[in-house]
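Numbering that gives the first Met the number 0 applies: residue 0 is where the sequence shown begins, and numbers increase by one. Don't be surprised by glycine CBs; every beta carbon is placed ideally from N, CA and C. Because the structure is a prediction, the values reported are computed rather than measured.
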Amino acid sequence: MFDRLSSLVAALTLIAVAAIFAALAGGDALSIILLALAGGVGAAIVHNALPSLPAQPHSQPAAAAPVSLLRHPDFALWVDQEKEPLIGVAGNVVTIVNDPAVRLLGRHIVGADIRTAIRHPAATEWLSRINQDAVLDTFDLADFPRPGQRWTMRIAALSDGERIIFLSDRSALDAADRMRSDFVANASHELRTPLAAILGYVETLQDMNGDADAATRHRFLSIIEREAGRMQQLVIDLLSISRVEADRFRRPTTPVDLAAILRSTISQLKDSEAARPTDIVARLGDEKLPILGDEAQLGQLAHNIISNAMKYGRAGTPVTVELLRTGQRVRLSVSDEGDGIAPDHLPRLTERFYRVDEARSRSVGGTGLGLAIVKHISERHQGQLDIESELGKGTTVSVTFPLASA
Ligand code: ADP
């Protein structure tokens, strides 16, 4: 179809063509003018007969009907890349699901009614109750899909009654929260026990009003001192564990000499009032063994492992501290000859406050945090912690670190 401008061009062309034909036919000037006028009039009639169309920009095609997001091919691509379950619903019918949703709810949900597909009373109620255009906040699916687990569900409303349902697993977050609150409860309990003893003995001494003989007073004061020492050690260990945890993702960058750190830790332990300073046997070699590390933390790691061997090994038997280089790695091992640890306890020893024998740990001044601190320090230094033990024979705790040059 022509617009006004095109019609004008066509008319002028027609006049020119008519004039040329008249000239070629050998007519006189008047017939040429008449022919040209006739052409012009014809073109004008044609032009007037044409409806006038609104001007359309050439770059814009006619507007297409809106496409459903759920049926768009890119939507299927996106859904497949999502790591968490995603369900597309038209009306109440499930039309599209990704693999995580299939793993959670089964493939049979495609084509099923969404109110029965997610088998949870709260989900069914929400999905039945809500206005289809409503966008809802996230809400909880407690004990879903199994008791003790928790998922959340979120709904995004699209046009034409289509909806996208997002499901998200919160069980791991809940477990981390539980661990945190258990830790606070355990730490409070650990502090309360010595505190109660201290308060009890102080009160008794006050009640005796100076009547206590010297021996009794000395005994009570010794208990108070021991319990206060226990509290102090617990506070030191609690501070250590929180500091080590805060540094967890900061890789050490300074080369330090592991053998030198061990020598210094062993001499500190020998100088301290530890019960068996002469039992430590060090086999550290002469080679410098640099690893990328935090000197204070590595000293603490060595201190905790060696003092455990001294606490739980039999007095008079050796506690052997050894450094062994294998290729680009160095292995620190500490072996004792003691009662050993039953295999079922081994995987839990690095949990905070986990003890095989609580009374024994307390009697030797343990806080139950030593190996948890060792585990964190070892992880920060890309070390591998291994605990091997044989009941009645003894235990070897080792940590293998990558050498700095590796
Ligand atoms: P604790 O302060 O109680 O020693 P740790 O975290 O250092 O706490 O150790 C956890 C538990 O592991 C200890 O209570 C003890 O039962 C056990 N354990 C650790 N090292 C040894 C060892 N060398 N021999 C025997 N048992 C050990």
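- In the structure shown, the three-state DSSP call for A341 is coil.
- Counting along the chain, no beta strand (DSSP E) covers I117, and no H or E run does either.
- Residue state for R191 is assigned as helix, using DSSP reduced to three classes.
- DSSP places A184 within a helical segment (H, G or I) once states are collapsed to three.
- Here R351 is buried: its Cβ has 16 or more other Cβ atoms, across all protein chains shown, within 10 Å.
- Sequence-distant Cβ neighbours of E244 in its own chain, meaning closer than 8 Å and more than five residues away, are H375.
- DSSP lists L331, L384 as the bridge partner or partners of V398.
- Residue environment for Q327: exposed (fewer than 16 other C-beta atoms within 10 angstroms of its C-beta).
- Residue burial annotation: W150 is buried, with at least 16 other C-beta atoms found within 10 angstroms of its C-beta.
- Assignment of V255 by DSSP, reduced to helix, strand and coil, places it in the strand class.
- The bridge partners DSSP lists for P72 come to none.
- Here D173 is exposed: its Cβ has fewer than 16 other Cβ atoms, across all protein chains shown, within 10 Å.
- For T151, DSSP records a beta bridge to D139, S167.
- Between R229 and G367 a beta carbon distance of about 11 Å is seen, past the 8 Å cut, so the two are scored as non-contacting.
- Cβ neighbours of P84 within its own chain (closer than 6 Å, five residues either side excluded): P99, A100, L103, L166.
- Partner residues in a beta bridge of L300, as assigned by DSSP, do not exist.
- Apart from the 5 residues on each side of it in sequence, H302 sits with its Cβ closer than 8 Å to the Cβ of T264, Q267, L268 in its chain, given in chain order.
- Nearest neighbour of H380 by Cα position, chosen from Q231, L257, L233, turns out to be L257.
- For A141, same chain residues with a beta-carbon under 8 Å away, outside a window of 5 residues either side, are A121, R149 in chain order.
- Within its own chain, the residues whose Cβ lies closer than 7 Å to the Cβ of G337, once the five positions on either side in sequence are excluded, are Y311, G312, R313, G393, T394, listed in chain order.
- In terms of side-chain proximity, the C-beta atom of L348 is found nearer than 7 Å to a non-hydrogen atom of the ligand ADP.
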